[in-house]
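The block underneath contains the structure these notes are about, expressed in structure tokens.
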Amino acid sequence: MTEDVIISEKDGRLTAALKCELDHCSAKRIREKIDPAVFMYRPETLVLDFTDVHFMDSSGIGLIIGRTEVAAEVGAAVRLVGLSDGLMKLVRLSGIEKISGLAVTR
Amino acid sequence: MKKIINEMKLRLPAVGVNEAVARSCICAFVAELNPTVEELGDLRLAVSEAVTNCIVHAYRDSLPTDRNANIYISVRLYDSREVSVEISDNGCGIEDVAKAREPMYTSTVGCERCGMGFLVMESFMDSLSVKSTPGKGTTVLMRKIFKP
């Protein structure tokens, strides 16, 4: 089975490149991989890279909010990158762009 | 009078992997109406939310091996370029449907549900109705009309 998420760290930047359809089923597996890395590296920024995510439902929004809370515990901010138009539609509906400590760059 | 041009019924056990299965089946089924990428994306999303609700809420107390925890999906295509999707379960039901439909309301604690399921279905489909009987189950009926 291919990896759902590939995690890498460089200069205080922890990047989680997501590689799957993001639903309730996969979100659980992904957060179990990201959270330990956040506590291990204690980065300044956690980057969630959605370039290879071709589908996401509201479980993905839950995942983003949850990671923002986890990142805040170690003083890290979260940045979302690589969101497609389809994913942006859901992000806008959710209003998560207004959460402090969370930035969305396309 | 609109006419039914095709019909599909699915019964899937309420397990996580079937969220993706339900999405794929429905997208393949509506292909003959040639929806746009955006319309198909909206439908996939709404179906995913409804099926997830069955697994996370309706059958929250069922074991994955419970053969009676099923999700029933009925899809109809009409000659008016309309698709109707009915998704039902025999799960715990919803005590207060109006409250469940409120944006950001969720009954679950600690599993990162953001309470957006019904909001997504309502926003990305053309109509949504939710009927539920506590202890018996829930039926969600959604419609979408693809552009000509």
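Quick mapping for you: the protein sequence lines, in order, are chains A and B. When the letters of the first sequence are read in order and numbered with my numbering, they come out as residues 1 to 106. When the letters of the second sequence are read in order and numbered with my numbering, they come out as residues 1001 to 1148. Cβ coordinates follow ideal geometry from the N, Cα and C atoms, glycine included.
Applying the criterion that 16 or more other CB atoms from any shown protein chain within 10 Å of the CB defines a buried residue, is B:N1034 buried or exposed? The sequence position of residue 1034 of chain B within the second sequence is 34, counting from 1. So B:N1034 counts as exposed.
Is there a C-beta anywhere in chain B that falls below 8 Å from the one on A:S100? One-based indexing of the first sequence puts residue 100 of chain A at position 100. So, not an interface residue.
Who are the near neighbours of A:G60 in its chain, counting only those whose CB is closer than 8 Å to its CB and skipping five residues on each side? Counting from 1 along the first sequence, the entry for residue 60 of chain A is found at position 60. So the list reads L22, D23, A27, V53, L87, L90, once near-sequence residues are dropped.
Name the chain B residues whose beta carbon is nearer than 8 Å to that of A:F39? On the first sequence, position 39 is the one that residue 39 of chain A refers to. In chain order: nothing, as chain B lies at least about 17 Å away.
Which residues, taken in chain order from the segment 1127-1142 of chain B, show a beta carbon closer than 8 Å to some beta carbon of chain A? Listed by position, the residues of the segment 1127-1142 of chain B near chain A (Cβ gap below 8 Å) amount to none.
Could you spell out where the alpha helix (DSSP H) holding A:P36 opens and where it closes? Position 36 of the first sequence holds residue 36 of chain A. It spans 24-41 - the alpha helix (DSSP H) in which A:P36 sits, taken as one unbroken run.
Pick out whichever of B:V1056, B:N1053, B:M1125 has its Cα sitting closest to the Cα of B:K1147. In the second sequence, residue 1147 of chain B corresponds to position 147, counting from 1. Selected option, being the one with the closest Cα: B:M1125.
Alpha carbon to alpha carbon, how far is B:L1012 from A:D11? Position 12 of the second sequence, counted from the start, is the residue given in the question as residue 1012 of chain B. Position 11 of the first sequence, counted from the start, is the residue given in the question as residue 11 of chain A. Across the structure, B:L1012 and A:D11 are spaced so that their CA atoms are roughly 46 Å apart.
Provide the residue(s) that pair with B:Y1072 in DSSP beta bridges, ordered along the chain. For the purposes of this step, residue 1072 of chain B is taken as residue 72 along the second sequence, with counting starting at 1. Bridge partners of B:Y1072: B:R1011, B:S1088.
List, in chain order, every chain B residue whose beta-carbon is nearer than 7 Å to that of A:I61. As a working mapping, residue 61 of chain A is identified with position 61 in the first sequence. Correct list: C1114, M1116.
Output, in chain order, the set of chain B residues within a Cβ distance shorter than 9 Å of A:I65. In the first sequence, the residue the question calls residue 65 of chain A occupies position 65. Simply E1112, C1114.
Comparing the C-beta of A:D4 with each C-beta of chain B, is any distance below 8 Å? For this step, residue 4 of chain A is matched to residue 4 along the first sequence. With a threshold of 8 Å between beta carbons, A:D4 makes no contact with chain B.
In chain A, which residues lie with their C-beta within 9 Å of the C-beta of B:L1119? Position 119 of the second sequence, counting from 1, holds the residue named residue 1119 of chain B. Within chain A, the residues placing a beta-carbon under 9 Å from that of B:L1119 are S58, L93, S94, ordered along the chain.
Quick check: is the beta carbon of B:T1036 nearer than 8 Å to any beta carbon in chain A? Along the second sequence, one-based indexing puts residue 1036 of chain B at 36. Chain A, which has no Cβ nearer than 8 Å to the Cβ of B:T1036, makes this no.
So, are the CB atoms of B:T1108 and B:V1056 less than 8 Å apart? In the second sequence, counting from the first residue as 1, residue 1108 of chain B sits at position 108. In the second sequence, counting from the first residue as 1, residue 1056 of chain B sits at position 56. Inclusion of B:T1108 and B:V1056 in the CB contact set at 8 Å is warranted, their separation being smaller than that value.
My understanding is that B:D1089 touches B:I1071, with C-beta atoms under 8 Å, so please give their C-beta distance in whole angstroms. Start at 1 with the first residue of the second sequence, and residue 1089 of chain B comes out as number 89. Start at 1 with the first residue of the second sequence, and residue 1071 of chain B comes out as number 71. Contact flag correct, Cβ pair sits at about 6 Å.
Along the chain, where does the alpha helix (DSSP H) that runs through B:G1135 open and close? Here residue 1135 of chain B refers to the residue found at position 135 of the second sequence. If you look at B:G1135, you'll find it isn't in any alpha helix (DSSP H); DSSP assigns it neither H nor E.
Bridge partners for B:V1083 per DSSP, in chain order? If you number the second sequence from 1, residue 1083 of chain B lands on position 83. B:L1077, B:K1144.
Length of the line joining the Cα atoms of B:I1004 and A:R31: As a working note, residue 1004 of chain B is residue 4 in the second sequence. As a working note, residue 31 of chain A is residue 31 in the first sequence. The straight-line gap from Cα to Cα measures roughly 43 Å.
Beta bridge counterpart(s) of A:D49 as assigned by DSSP: For the purposes of this step, residue 49 of chain A is taken as the residue at position 49 of the first sequence. Beta-bridge partners assigned by DSSP to A:D49: A:A17, A:V81.
Taking all protein chains shown into account, decide if A:F39 is buried (16 or more other Cβ within 10 angstroms of its Cβ) or exposed. Against the first sequence, residue 39 of chain A aligns to sequence position 39. When all chains shown are included, A:F39 counts as exposed.
Listing by chain order, which chain A residues have their CB less than 9 Å from the CB of B:I1094? Start at 1 with the first residue of the second sequence, and residue 1094 of chain B comes out as number 94. Result: empty, since nearest Cβ-Cβ is about 17 Å, beyond 9 Å.
Can you tell me whether DSSP reads B:I1005 as helix, strand or coil? By one-based count along the second sequence, residue 1005 of chain B stands at place 5. If DSSP states are grouped into helix, strand and coil, B:I1005 belongs with the strands.
Positions along the segment 5-23 of chain A whose CB lies within less than 8 Å of some CB in chain B: From the segment 5-23 of chain A, only E21, D23 have a Cβ closer than 8 Å to chain B.
Would you mind reading off the limits of the alpha helix (DSSP H) that contains B:L1043? To locate residue 1043 of chain B, count along the second sequence from 1; it is residue 43. Element bounds for B:L1043: 1037-1053.
Same chain only: Cβ atoms within 6 Å of B:V1085, ignoring 5 sequence neighbours per side: What you label residue 1085 of chain B is simply residue 85 of the second sequence in a count that begins at 1. Cβ within range, chain order: V1075, M1142.
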